[in-house]
């Protein structure tokens, strides 16, 4: 058996294994077999590994000290595809990004500043910069895990982390609007035409109206996943957008070789619904209600990178969200997204400069926690 040091962490509403790059083989061709065994793939039940059978619980994060100016750490996210011998590195994970800051502090990868340390990070999936503010415990001089911050989809409270994605537009395509359009009309095989907005904010995303695909927008993940017709339609929409953005040559190629990019989601107007914990989520607490498909399954909350795209679309004149719902009515500049686990609040910063749209940053409140550290064993 081979063994590797790892830290099992929750970041936002995702969790996975954190590795220091120095603890992994220098030969990157060895990484995928290691990570697949760590999670228990290709068995979809993942009985012989640490995976949690859904995409949000199958994250791999590799972290190392940066040599770049004004960057503390760099990191790479691997998405282990449940049921397959595949690790996807095409996209970042916004939720696990929240865990990288505390991990870097706890592992001594940067100089600590009291009472808040800002960890300056570079994501190597997207080559985008993110700052995470990490509160420091004055007694221990490391990450202060306890706090009164609650995020939807996670029991209890923890210390607040402010995750600010800097200049997140064009993470994979180089453009905020990969097609050049705020609103596109997609021609979906076997379905017909459908309006959509395609954005690239932290990760590429395609958005459609719930009503246009025969959904209410309040369905919970199990109901969506069991609806084979809608699931197939959403994958066609996702695949069509993938082809338009140059990630795949056809729908089959998109499913096989680009399962995590782009994400696809649908939305509706604010509406009261019951979340996956059986709690009532009020329409008055949100600006829109959304559901996101991540690697063929409905996410139990909302991927943070998808929430970034959704929040920008909500404030972008002419987008499918703005066209349908109008601009958010609150004065704080935030966008509140209702999702299967509650409500997520995003802070997009959209600026018009010399006739062009600029996106200096998108910020979100998150929490993270070290669950376990030790040694993970894999076969030779």
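Numbering (my numbering), first residue to last: 1094 to 1473. We put the beta carbon where it would ideally sit given N, CA and C, even for glycine.
From the DSSP output, read off the bridge partner residues of residue i.
| i | result |
| --- | --- |
| residue 1118 | According to DSSP, which records beta bridges pairwise, residue 1118 is partnered with nothing at all. |
| residue 1300 | 1290 and 1358 |
| residue 1157 | 1167 |
| residue 1375 | Answer by DSSP bridge pairing: none, since residue 1375 is not bridged. |
| residue 1461 | 1104 |
| residue 1391 | 1386 |
| residue 1467 | 1099 |
| residue 1172 | 1152 and 1181 |
| residue 1132 | In the DSSP output, where bridge partners are listed per residue, residue 1132 has none listed. |
| residue 1082 | Residue 1082 cannot be examined here, being either before or after the span of the chain that is shown, 1094 to 1473. |
| residue 1111 | 1100 and 1154 |
| residue 1162 | According to DSSP, residue 1162 bridges with nothing at all. |
| residue 1451 | 1444 |
Exposed or buried, what is residue i when buried is set at 16 or more other beta-carbons lying within 10 Å of its beta-carbon?
| i | result |
| --- | --- |
| residue 1218 | buried |
| residue 1456 | buried |
| residue 1195 | buried |
| residue 1271 | buried |
| residue 1265 | buried |
| residue 1248 | exposed |
| residue 1408 | buried |
| residue 1406 | buried |
| residue 1261 | buried |
| residue 1290 | buried |
| residue 1351 | buried |
| residue 1239 | exposed |
| residue 1422 | exposed |
| residue 1332 | buried |
| residue 1376 | exposed |
Find out if the Cβ-Cβ distance for the pair residue i, residue j is shorter than 8 Å.
| i | j | result |
| --- | --- | --- |
| residue 1413 | residue 1276 | yes |
| residue 1166 | residue 1157 | yes |
| residue 1452 | residue 1294 | yes |
| residue 1420 | residue 1430 | no |
| residue 1108 | residue 1150 | yes |
| residue 1143 | residue 1471 | no |
| residue 1226 | residue 1434 | no |
| residue 1161 | residue 1203 | no |
| residue 1279 | residue 1286 | yes |
| residue 1428 | residue 1402 | no |
| residue 1461 | residue 1192 | yes |
| residue 1336 | residue 1364 | no |
| residue 1361 | residue 1449 | no |
| residue 1300 | residue 1358 | yes |
| residue 1458 | residue 1221 | no |
| residue 1391 | residue 1314 | yes |
| residue 1400 | residue 1439 | yes |
| residue 1200 | residue 1117 | no |
| residue 1223 | residue 1259 | yes |
| residue 1389 | residue 1311 | no |
| residue 1103 | residue 1464 | yes |
| residue 1398 | residue 1296 | yes |
| residue 1340 | residue 1347 | yes |
| residue 1386 | residue 1356 | yes |
| residue 1241 | residue 1250 | yes |
| residue 1267 | residue 1396 | no |
| residue 1432 | residue 1370 | no |
Which same chain residues end up closer than 8 Å to residue i when comparing Cβ atoms and leaving out the 5 residues on each side of it in sequence?
| i | result |
| --- | --- |
| residue 1323 | 1306, 1307, 1308 and 1317 |
| residue 1229 | 1198, 1205, 1206, 1207, 1208, 1209, 1210, 1235, 1236 and 1237 |
| residue 1176 | 1134, 1135, 1136 and 1137 |
| residue 1284 | 1326 and 1329 |
| residue 1163 | 1213 |
| residue 1096 | 1468, 1469, 1470 and 1471 |
| residue 1373 | 1365, 1366 and 1367 |
Who are the near neighbours of residue i in its chain, counting only those whose CB is closer than 7 Å to its CB and skipping five residues on each side?
| i | result |
| --- | --- |
| residue 1417 | 1302 |
| residue 1132 | 1139, 1142, 1143, 1144, 1151 and 1173 |
| residue 1128 | 1153, 1171, 1173 and 1180 |
| residue 1411 | 1275 and 1276 |
| residue 1444 | 1451 and 1453 |
| residue 1130 | 1142, 1471 and 1472 |
| residue 1123 | none |
Leaving out five residues on either side along the sequence, give the residues of the same chain with a beta carbon under 6 Å from the beta carbon of residue i.
| i | result |
| --- | --- |
| residue 1466 | 1100 |
| residue 1094 | 1470 |
| residue 1378 | 1436 |
| residue 1125 | 1180 |
| residue 1334 | 1291, 1299 and 1355 |
Quick one: is the Cβ of residue i within less than 7 Å of any heavy atom of the ligand NAP?
| i | result |
| --- | --- |
| residue 1189 | Within the structure as shown, the ligand NAP is missing, as the structure has no ligands at all. |
Beta strand (DSSP E) segments (min. 3 residues) lying fully within the region 1323–1371: Qualifying beta strand (DSSP E) stretches, in chain order: 1356–1361.
Minimum length 3: unbroken beta strand (DSSP E) runs contained in the region 1413–1445: Here the runs fully enclosed are 1428–1432.
3-residue-minimum beta strand (DSSP E) runs that sit fully inside the region 1185–1260, ordered along the chain: The region 1185–1260 contains these whole beta strand (DSSP E) runs: 1209–1216, 1221–1228 and 1254–1259.
Runs of beta strand (DSSP E) lying entirely within the region 1258–1285, each at least 3 residues, in chain order: You should have 1277–1281.
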